[in-house]
Every structure is written in structure tokens, then in C-alpha cells.
Amino acid sequence: MTTRFAIVGDFNIHWDVPSDTNVKRFADLLESLNIIQHVHAPTHIDGHTIDLILTPSGNHAITSTKTTLLLFDHLGVEYLVDMEKPVVPRKTITYRKYKAINKPVFCSDIALSLPTAISSGKQTTELANHYNVVLTKLIEKHAPLQTCRIADRPLVPWCNKNVIKAKQIRRQCERKWRHTSLQVHRDLYKTQCAEVKRTIIKAKSDYYTSEIEQCGCDNRRLYRLLNGLLQRRKSHYLPVNNNIHELALRFSTFFSAKIETIRVAFHSHSTLASSSTRDHRPAPWVSRLELFPTATSDIHSLLIKSPTTSCVLDPLPTWLLKDDDILGARDRRFGVILVLLDMSAAFDTVNHEILLSRLEHRYGMAGSVLAWMRSYLTDRSQCVYLQGGASSKTGVACGVPQGSVLGPLLFSVAPIVKQRVQYSILLLVFRAQHRLAPPYITDLLVRRATRVLRSTTNNDFYVPPSRSRYGDRMFSVAGPRLWNSLPAEIKKTCCIVTFKTIENPPIPGCV
Numbered sequence: 001m002t003t004r005f006a007i008v009g010d011f012n013i014h015w016d017v018p019s020d021t022n023v024k025r026f027a028d029l030l031e032s033l034n035i036i037q038h039v040h041a042p043t044h045i046d047g048h049t050i051d052l053i054l055t056p057s058g059n060h061a062i063t064s065t066k067t068t069l070l071l072f073d074h075l076g077v078e079y080l081v082d083m084e085k086p087v088v089p090r091k092t093i094t095y096r097k098y099k100a101i102n103k104p105v106f107c108s109d110i111a112l113s114l115p116t117a118i119s120s121g122k123q124t125t126e127l128a129n130h131y132n133v134v135l136t137k138l139i140e141k142h143a144p145l146q147t148c149r150i151a152d153r154p155l156v157p158w159c160n161k162n163v164i165k166a167k168q169i170r171r172q173c174e175r176k177w178r179h180t181s182l183q184v185h186r187d188l189y190k191t192q193c194a195e196v197k198r199t200i201i202k203a204k205s206d207y208y209t210s211e212i213e214q215c216g217c218d219n220r221r222l223y224r225l226l227n228g229l230l231q232r233r234k235s236h237y238l239p240v241n242n243n244i245h246e247l248a249l250r251f252s253t254f255f256s257a258k259i260e261t262i263r264v265a266f267h268s269h270s271t272l273a274s275s276s277t278r279d280h281r282p283a284p285w286v287s288r289l290e291l292f293p294t295a296t297s298d299i300h301s302l303l304i305k306s307p308t309t310s311c312v313l314d315p316l317p318t319w320l321l322k323d324d325d326i327l328g329a330r331d332r333r334f335g336v337i338l339v340l341l342d343m344s345a346a347f348d349t350v351n352h353e354i355l356l357s358r359l360e361h362r363y364g365m366a367g368s369v370l371a372w373m374r375s376y377l378t379d380r381s382q383c384v385y386l387q388g389g390a391s392s393k394t395g396v397a398c399g400v401p402q403g404s405v406l407g408p409l410l411f412s413v414a415p416i417v418k419q420r421v422q423y424s425i426l427l428l429v430f431r432a433q434h435r436l437a438p439p440y441i442t443d444l445l446v447r448r449a450t451r452v453l454r455s456t457t458n459n460d461f462y463v464p465p466s467r468s469r470y471g472d473r474m475f476s477v478a479g480p481r482l483w484n485s486l487p488a489e490i491k492k493t494c495c496i497v498t499f500k501t502i503e504n505p506p507i508p509g510c511v
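Under full-length UniProt numbering, the residue at position 245 of the sequence shown is numbered 245, and the numbers go up by one with no gaps.
Listed below in C-alpha cells is the structure:
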């Protein structure tokens, strides 16, 4: 064996009696495994050797052993271990001290740098580039990038004040006993050792019980907690590469190819293309929209309402541009409802021409407003940033910018959203019908009739009545209604792969 290890403990066999049957069997087992035993002096008050230390043969981790003070009915066994202290792993991090920025001086530098470009009559693109360059330089001046190495120690989240206090008392008792060597102080030390053990067990139990209860139905959080409990470190599995910039370029190429594949799948169905381009009915409230002057207060209001999320490519964190309104909202006890919809490359597959045509004919945008929207969407580029390396820029032929104020709004306006939402609902109904969905989803679907009717053979579901358009959006209403509108041959499909092929993306009744 090449692995260095030591097995210690009370084996409850009399090693000093070689003729004992159990000792013979155990000695033969150790010999077959090439393991040696180091303790040969009596370790029990009866004069037997029952506390053993086992190591691999040829591994000189244990250099010497001897018995010490009597602990209960056993003697203590001291041994020297020939091994180095484990080196604490260290990692390099980079950071900026944003909190240490002198905000008045920072604002003053911005005021001195930006107005020069604004008054020079530059175009919007030039102004945006100037904005990024100026802020990047100012951030480097006020909060330069710093690098340091820190110890990568495992976290002990369960440690609380009670554990720390109990350990402090144990250490005091140990010092007192070693200083006086009195039996009473030794008994106090033993009692406190047991108290520390109980305190740690209770702290761990309380912490992990609370964490598991807070996970609820969030399996991802539960697995993250389990990985931390088992000390599993997160690994970054990246393809083999010699240059991080080339790897970033490969990722960029992959993302572009993925988006193009999805777009080709959409446009392969004539129903989608025709329904997307012919929906030019103007909304009844639409009037022709034009640009209008804005005041400084309007811009300030938009900044205050913008989210504080930031990207690694941003010249400075968003929270430096606005006040912290989150704590204020929580203090006013405002409620927040978040609805998440997951679609594959959803923002990246929006067709620019279809979107601009819809904005013009459906929502009445014209003139400078439409030209501004076209300028906002076209001639964009993207790159992949990976572990300090960036790929070369590639053109963006479709999609709306994520992380922007207009991104979600334009995405919701795009006609493809409705078809993809309905397709996701139908796919969930299919899974529920074949017992592939969670029970709480399956229970929402009820067959249309209990007696034998034509609708029973068509695999139709009962559509419960709703009182408003909000009720129509419930899965228990929208799911059966969409499913019942499908052709009978599609509803009879049993294979989910076939269903996806047939149903993606045309849906009867889509506008």
C-alpha cells in the first residue's frame, strides 16, 4: 500500500495474548493486508493491550508510542506522527474597493469629463463609447484593480456563539488541569469536553434542520447544501484548450450556431412566418409616436427605477449610479411578485425585421422613434468573456439585448413569444397526460366526460370556467383549451420526441 493512513482505537481484543483465537485471526488479516500494529505495552487496568495503532507496512508515519495517564479504565497512548502539517490551499482573487470610493470626488470627476463630449455634437454611438472609456478610466483611478492570495478554508456555517464559548471554557479548564495536575481539575476538563461535543452536535443539527426546511421544493438549493455538507468543491469542467481566448471564441461560435439552428426550425414552418408578418392590425389606442424632449428629472427617475444588476463588461456597478431603494421598499413592506419563464435562447431568437414591422404597424411607431429603435437593434456585436479572456466580436443578426431596460419590453412585443409560451404549455400537458410531470401538475387536468363520448376518444380535457382574462391564463384553463384544439392524430401521439417534432412550433389558432 502506498497510501499513508493510521487506524487507532479500542479493538477489544487482547493483543498481548498471541494464543487467543481472535488475536490469531486478526493478526493473519493484518499480515494479508500488509499492515503492522505499533502498541505493545498494556493499555488497560487489567494489564492487557486492547488499544491499537495500525499503519501500512513500510510506511513510517508512526515513529514511537508510549502509554500515559489513566483515563477511565484505559491508559492514554501517545505516539509521534512523522508527517507535515497540511498546507492550507490558497487562491488568487482580484477585487476593487468600490465601498472606499469618495463619491463627491468621483461625481466631480464625472461632471468634468462627460460634458465635454456631450457639447461637442458627437453621434450617439460615439457618446456611448466615450461614456465607457471615461468611466473605465475613472474607476481605475478611484478603485484600482487589486490582487491578493487568500486561504481557501472550508466554511463552518454552523459555528455559533455557544460553540465558541464552550471551546473557550474547555481551553481554560485544560490549562488549569495541566498547570495543577489535580484530579478535580481533570474532572472539570473531561466534563467540559463532553459539553463541547454536545454543543457542536446541537449546533449542527439546528443549522442543517433550518437550512433543509428553508429549501422547501427547491432541489437545486438542497443539492447545493448537500454538496457543502459533503465538502464537494465546485469544479469548472472546460474543454481542453491551450489558449483561453480561442476557447472563448469556440463558445461564441457555438452560441451563434445554436441560435441560427433555432431560427431555421422556426422559419421551416410557413404558418409561423405568415402569421408573424401579417399581424399588422393597429391597436385601437395607437397614435403615431414621435420623440419628445426629456428633462433631467425624467432621466434621474429612470436611473432610480433601474435594477442594480451588473455585468462584468459594465464600466462600473449599477448601484454607484443610483440610491439603494431596495431596503427602502422592504422597509415600507412593499410586496414583490416574480414570475419566471424559461425558454431556450428566448431573447436571442427575436427577428429584428418582424419586430420593427410590428412596432410600426401594430404599435404606431414612426419617424424618429422608429429610426431610433432600428438603430438600437441593428449593427450590434457580442463577445464571450471567460476567465479573463475574451473572444473576438461577432455580429448580432437577431435578438434583443438582455439586461437592458428595453430588452424585456421588446421581447414581450415579439410575436414569437405567444407561440413559444403555448408550445411550452402543450408540452407540459403532454407530460402530465403520460405521467411524466409532477403530481401537482397532473392533478390540474381532468378528462372532459366520465361516460363514453366522442370527446373521450379524442383525449380531450375539461376546460373549467374562468371569470376574467386573468383566469384564462391559468394552466388548468389554458392547458386543456390548447390541447383540445389540436388535431386528433397529434393528441394520440405517445412518444414525446414525435410530439415535439410535430407540434414545434405551429399551434392551431395562433395569431
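Ideal placement from N, C-alpha and C gives every residue a C-beta, glycine not left out.
Here's the rule: buried if 16 or more other CB atoms are within 10 angstroms of the residue's CB, otherwise exposed. What is residue i?
i           : result
residue 12  : exposed
residue 360 : buried
residue 237 : exposed
residue 337 : For residue 337, the predicted structure reports a pLDDT of 35, less than 50, and the residue's modelled location is therefore unreliable. A value from the coordinates is still provided. Classification of residue 337: exposed, given that the 10 Å Cβ count is below 16.
residue 5   : exposed
residue 192 : buried
residue 474 : exposed
residue 282 : Unreliable placement is indicated for residue 282, whose pLDDT of 48 sits below 50; the coordinate value is still reported in the next sentence. With fewer than 16 Cβ atoms within 10 Å of its Cβ, residue 282 is classed as exposed.
residue 461 : buried
residue 252 : buried
residue 352 : buried
residue 341 : Here the model assigns residue 341 a pLDDT of 45, short of 50, so the residue's position is not dependable, and the following value carries that caveat. Result: exposed.
residue 179 : exposed
residue 9   : exposed
residue 166 : buried
residue 453 : Caution is warranted here: a pLDDT of 49 is assigned to residue 453, below 50, making its placement in the model unreliable, and the coordinate value is therefore given only provisionally. Under this definition residue 453 is an exposed residue.
residue 259 : buried
residue 83  : exposed
residue 436 : exposed
residue 495 : exposed
residue 264 : exposed
residue 423 : buried
residue 1   : Any answer about residue 1 is weak, because its pLDDT of 43 lies below 50 and its placement is not dependable; what the coordinates show is given next. Answer is exposed; the Cβ neighbour count stays below 16.
residue 350 : buried
Taking Cβ to Cβ, would you say residue i is nearer than 8 Å to residue j?
i           : j           : result
residue 149 : residue 96  : no
residue 425 : residue 432 : no
residue 173 : residue 203 : no
residue 429 : residue 372 : no
residue 549 : residue 138 : Not covered by the structure: residue 549. The range shown for the chain is 1 to 511.
residue 63  : residue 78  : no
residue 386 : residue 244 : yes
residue 249 : residue 391 : yes
residue 196 : residue 175 : no
residue 16  : residue 65  : no
residue 208 : residue 230 : no
residue 201 : residue 142 : no
residue 88  : residue 151 : yes
Whose C-alpha, out of the options, is nearest the C-alpha of residue i?
i           : options            : result
residue 261 : 202, 201, 398      : 398
residue 54  : 421, 20, 208, 26   : 26
residue 447 : 472, 479, 423, 436 : 479
residue 400 : 156, 348, 252      : 348
residue 144 : 316, 170, 88       : 316
residue 493 : 439, 215, 434      : 434
residue 81  : 370, 257, 61, 18   : 61
residue 164 : 459, 239, 199      : 199
residue 443 : 465, 467, 477      : 477
residue 35  : 57, 364, 467       : 57
residue 497 : 183, 107, 369, 427 : 427
residue 254 : 383, 107, 358      : 383
residue 257 : 212, 113, 396, 213 : 396
residue 485 : 212, 500, 463      : 463
So residue i packs on residue j, CB below 8 Å; how close in whole Å?
i           : j           : result
residue 146 : residue 94  : 7 Å
residue 51  : residue 39  : 6 Å
residue 394 : residue 375 : Not quite, the Cβ-Cβ distance comes to about 19 Å (not below 8 Å), so this is no contact.
residue 410 : residue 355 : 6 Å
residue 45  : residue 28  : So it is not a contact: roughly 29 Å between Cβ atoms.
Within 8 Å (strictly less), CB to CB, does residue i reach chain C?
i          : result
residue 44 : Any reference to chain C falls outside this structure, which holds one protein chain only.
Following a CB-centred definition, is residue i positioned closer than 7 Å to any heavy atom of the ligand FAD?
i           : result
residue 481 : Although the ligand FAD was asked about, the structure shown includes no ligands whatsoever.
- Message: Extract the residue ranges of the beta strand (DSSP E) inside the stretch 137–184, only unbroken runs of 3 or more that lie entirely within it.
- Response: Counting whole runs of 3 or more residues, the stretch 137–184 contains the beta strand (DSSP E) stretches 146–151.
- Query: Which runs of the beta strand (DSSP E) spanning at least 3 residues fall entirely within the stretch 59–94, listed in chain order?
  - Reply: Runs found: 62–71, 74–81.
- Item | Sequence ranges, beta strand (DSSP E) only - wholly within the stretch 29–55, length at least 3 | Here the runs fully enclosed are 35–37.
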